[in-house]
DNA sequence: CCTCCTATCAAGAATGATTCCTATTAGAGG
DNA sequence: CCTCTAATAGGAATCATTCTTGATAGGAGG
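Chains as they are written, first to last, in the working numbering: chain A, 25 to 154; chain B, 25 to 154.
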């Protein structure tokens, strides 16, 4: 009655995601893992990312430039997404759970998690633009 | 040297988006507008949505269930997205611009807008699940 | 009125990320 | 060992979105 069997590749995906401060896409992870697992298929990466997200071990940052991006850091924090280069930066959150509570009170639903994201231009892209 | 010529169809897309409290996808808008504009093509809806978003007249709520969703209400407010049925609900935001300021201070970038979104199960889907 | 010039548009092809399908493999437990 | 089940690769299929092309239309200036 094993529900989720241990998988070397899934663990490698999770480890890589946790060891890195950027917020990779499935394709980035696949390319990166290909050196250790030459027969890793992109489909396997997608399937395991979805499963890891369902288990709450990773978090989706949302779709940026057509690609879904993931974060191995599940502690609550905000994100800053550059509209030009797609870079994602972690930003600490000060506020407590007030939005979480407001939403549940106002909608009668159950909130699983809250994502706070700022969109704009990162310092790098501001320089290039200037 | 006219930069953006007036377009009946773009105005209809904007008007529909503003008249409605849900957060439609391009396909939803297209289906809805087809009664008034039988020759409206889906590509036209996509092109005009992108243009309206660039002009800041509408806002993208992000990709939900594989489809980008839009909001005609550009006043700052949060969203609650049901992971099961994809419904999007507006939720007022209490906090000020503190996150906005934090991001700019910490990253040196320029923030264009901040999106606060809660994910979970709406009241309806909670009932069905029960 | 007539003529450019430019923006809009439709239609459908092209793109590209993600998911689905199928046969194969590997590991755990008996 | 055997069996049963989940994991996997590979590739086909799907599907939202974008791009390309050619046609259309509306305004400015003659």
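We put the CB at the ideal spot given by N, CA and C, even for glycine.
- At a Cβ-Cβ threshold of 8 Å, residue 150 (chain A) and residue 134 (chain B) count as neighbours.
- Residue 119 (chain B) and residue 29 (chain A) have their alpha carbons spaced roughly 43 Å apart.
- Chain-order list of chain A residues neighbouring residue 122 (chain B): 118 and 119, by C-beta distance under 9 Å.
- With a minimum length of 4 residues, the unbroken runs of alpha helix (DSSP H) contained wholly in the segment 27–79 of chain A fall at 32–42, 50–57 and 66–78.
- Taking a contact to require three or more Cβ pairs closer than 8 Å, the segment 83–93 of chain B and the segment 117–131 of chain B do not qualify as touching.
- Assignment of residue 98 (chain B) by DSSP, reduced to helix, strand and coil, places it in the coil class.
- If you check each beta-carbon in the segment 95–119 of chain B against every beta-carbon of chain A, the ones closer than 8 Å belong to 102, 104, 106, 107, 113, 115, 116, 117, 118 and 119.
- Taking a Cβ-Cβ threshold of 7 Å, none of the residues of chain A is close to residue 77 (chain B); the smallest such distance is about 11 Å.
- Neighbourhood of residue 146 (chain A) in chain B, by CB distance below 9 Å: 131, 132, 133 and 134, in chain order.
- For residue 134 (chain B), the enclosing beta strand (DSSP E) starts and ends at 134–145.
- Take residue 54 (chain A), set aside five residues on each side of it, and the residues of its chain with a beta-carbon closer than 6 Å to its own are 66 and 69, in chain order.
- A distance of 8 Å or more separates the beta carbons of residue 143 (chain A) and residue 91 (chain B).
- In the three-state reduction of the DSSP assignment, residue 88 (chain A) falls in the strand class, which pools E and B.
- Closest in C-alpha terms to residue 114 (chain A), from the list A:40, A:132, A:48 and A:152, comes A:48.
- The Cβ atoms of residue 42 (chain B) and residue 96 (chain B) lie closer than 8 Å to each other.
- Taking 8 Å as the upper bound for CB-CB distance, residue 140 (chain B) and residue 131 (chain A) are not in contact here, some 14 Å apart.
- Non-local C-beta neighbours of residue 101 (chain B) in its own chain, meaning closer than 7 Å and more than five positions away in sequence, comprise 114, 115, 116 and 117, ordered along the chain.
- Residue environment for residue 39 (chain B): exposed (fewer than 16 other C-beta atoms within 10 angstroms of its C-beta).
- Interface annotation for the segment 33–47 of chain A against chain B: empty, criterion Cβ-Cβ distance under 9 Å.
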